[in-house]
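Note that this note's numbering numbers the sequence shown so that position 99 is 149, with each residue one more than the last. Ideal Cβ positions, reconstructed from N, Cα and C, are used throughout, including at glycine.
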Amino acid sequence: MEDPTRLADPVPARALALVSGLVGLLAGLFLLGFFALDSYGVRLAGLSLGFVNDVLGAIQFAALAPVAWALGRRLPPTRTVRAATAVAVVAMVAFVVLSVLLVADVLTFEQQIGPQVVTILAIYGWLLLVNLVAHRSRTLPRPVTRTGVLLGIGLLTGLVLVGGGYVLPGIVGSLASWLGYVLGGAAWLTLPIYVLLLAGRVFSHSAPSAVAASADPVQEVRS
Numbered sequence: 051m052e053d054p055t056r057l058a059d060p061v062p063a064r065a066l067a068l069v070s071g072l073v074g075l076l077a078g079l080f081l082l083g084f085f086a087l088d089s090y091g092v093r094l095a096g097l098s099l100g101f102v103n104d105v106l107g108a109i110q111f112a113a114l115a116p117v118a119w120a121l122g123r124r125l126p127p128t129r130t131v132r133a134a135t136a137v138a139v140v141a142m143v144a145f146v147v148l149s150v151l152l153v154a155d156v157l158t159f160e161q162q163i164g165p166q167v168v169t170i171l172a173i174y175g176w177l178l179l180v181n182l183v184a185h186r187s188r189t190l191p192r193p194v195t196r197t198g199v200l201l202g203i204g205l206l207t208g209l210v211l212v213g214g215g216y217v218l219p220g221i222v223g224s225l226a227s228w229l230g231y232v233l234g235g236a237a238w239l240t241l242p243i244y245v246l247l248l249a250g251r252v253f254s255h256s257a258p259s260a261v262a263a264s265a266d267p268v269q270e271v272r273s
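1) Check whether the segment 218–237 and the segment 190–198 touch, using three or more Cβ-Cβ pairs below 8 Å as the test.
2) I'd like to confirm the pairing. Which residues does DSSP put opposite S98 in its beta bridges?
3) Between the Cα of T135 and the Cα atoms of L152, G164, I173, which residue gives the shortest distance?
4) Between the segment 225–242 and the segment 202–215, can you find at least three pairs of beta-carbon atoms closer than 8 Å?
5) Tell me the rounded alpha-carbon separation between A144 and A112.
6) Would you mind stating whether G83 and L72 have Cβ atoms separated by less than 7 Å?
7) For the alpha helix (DSSP H) containing F80, list its first residue and its last residue.
8) By the three-class DSSP mapping on this structure, what secondary structure does R251 have?
9) In whole angstroms, what separates the C-alpha of G245 from that of T128?
10) A141 and T158 - do their beta-carbons sit closer together than 7 Å?
11) Check whether the Cβ atoms of A237 and G204 sit closer than 7 Å, and answer yes or no.
12) Using beta-carbon positions only, say whether L247 and T197 come within less than 7 Å of one another.
13) Determine whether the beta carbon atoms of A115 and V153 lie at a separation below 7 Å.
14) So, with DSSP's three-state summary, where would you put D155?
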């Protein structure tokens with residue numbers, strides 16, 4: 051008998067999380083291949099590895115946007131969570147649009163990269179915030195929240211270090227930039243792992259209804 055205190059997600063969140071996670075892993079491989087091999091003229095079916103990465107990245111975040119929205123329904127219904135979720139969904143849609151414009155040669159890389167970095171900042175800010183909330187309120191499994199927090203901190207710290215590398219002198223600036231690229235790159239490449247954790251540990255179960263959550267006094271205190 052179906053539990054009346056639970057509701058199905060309004061989107062096929064688990065399937066979309068699987069698509070986003072698997073496509074994201076593939077995109078990461080092409081990105082690594084681009085940096086390692088593109089200077090040697092290595093191409094796939096006549097296409098640059100970077101071009102393939104851009105196409106896969108658009109698919110990755112197009113699938114992730116509704117997953118982020120569905121995840122927001124699993125968390126305490128606070129204004130902060132709602133605002134962060136809305137910003138993340140908009141940022142993911144913007145990421146997709148910018149990637150499509152780059153692939154279609156409407157924008158150059160130089161024109162696209164600045165706005166795209168802003169979308170990435172918004173996405174990882176959301177990742178950090180919602181997982182901190184979920185960790186504190188125990189509304190998501192610990193492996194999920196810990197991974198989300200680590201990725202959010204990793205990328206945001208990496209960007210700060212890269213920025214610091216431009217103002218710090220000599221070898222100190224070079225080391226800061228190098229460490230920033232390593233941290234940021236690792237956080238970017240492992241985002242699909244977090245999404246696959248959502249598919250396996252969160253969206254494999256029905257979502258609690260808003261009525262049931264509001265009726266739970268412990269949940270009210272935590273939110």
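Let me spell this out:
1) No, because fewer than three Cβ pairs between the segment 218–237 and the segment 190–198 fall closer than 8 Å, the two stretches do not touch.
2) Numbered from its first residue, the sequence shown carries residue 98 at position 48. R93.
3) The residue labelled residue 135 in the question sits at position 85 within the sequence shown. The shortest CA-to-CA distance from T135 to any of L152, G164, I173 is the one to I173.
4) Short answer: they touch.
5) The residue given as residue 144 occupies position 94 in the sequence shown. The residue given as residue 112 occupies position 62 in the sequence shown. Those two C-alpha atoms are separated by around 10 Å.
6) Reading the sequence shown from its first residue, position 33 is the one you call residue 83. Reading the sequence shown from its first residue, position 22 is the one you call residue 72. No, the Cβ-Cβ distance between G83 and L72 is not below 7 Å.
7) Start at 1 with the first residue of the sequence shown, and residue 80 comes out as number 30. In the DSSP annotation of this structure, the continuous segment of the alpha helix (DSSP H) that includes F80 starts and ends at 63–87.
8) In the sequence shown, the residue the question calls residue 251 occupies position 201. Note: R251 maps to helix in three-state DSSP.
9) Here residue 245 corresponds to residue number 195 of the sequence shown, with the count starting at 1. Here residue 128 corresponds to residue number 78 of the sequence shown, with the count starting at 1. The sequence given here places Val at residue 245; Gly does not occur at that position. Looking at the two C-alpha atoms, the distance is approximately 23 Å.
10) Along the sequence shown, read from residue 1 onward, the residue named residue 158 stands at position 108. Along the sequence shown, read from residue 1 onward, the residue named residue 141 stands at position 91. No, these two residues do not count as a Cβ contact at 7 Å.
11) Translated into the one-based positions of the sequence shown, residue 237 becomes position 187. Translated into the one-based positions of the sequence shown, residue 204 becomes position 154. Going by C-beta atoms, A237 is nearer than 7 Å to G204.
12) As a first step, residue 247 must be located in the sequence shown, where it is residue number 197. As a first step, residue 197 must be located in the sequence shown, where it is residue number 147. Yes, the pair counts as a contact, with Cβ atoms nearer than the cut-off.
13) The residue given as residue 115 occupies position 65 in the sequence shown. The residue given as residue 153 occupies position 103 in the sequence shown. No, the Cβ-Cβ distance between A115 and V153 is not below 7 Å.
14) Locating residue 155 in the sequence shown gives position 105, where the first residue counts as 1. DSSP, read as helix, strand or coil, puts D155 in coil.
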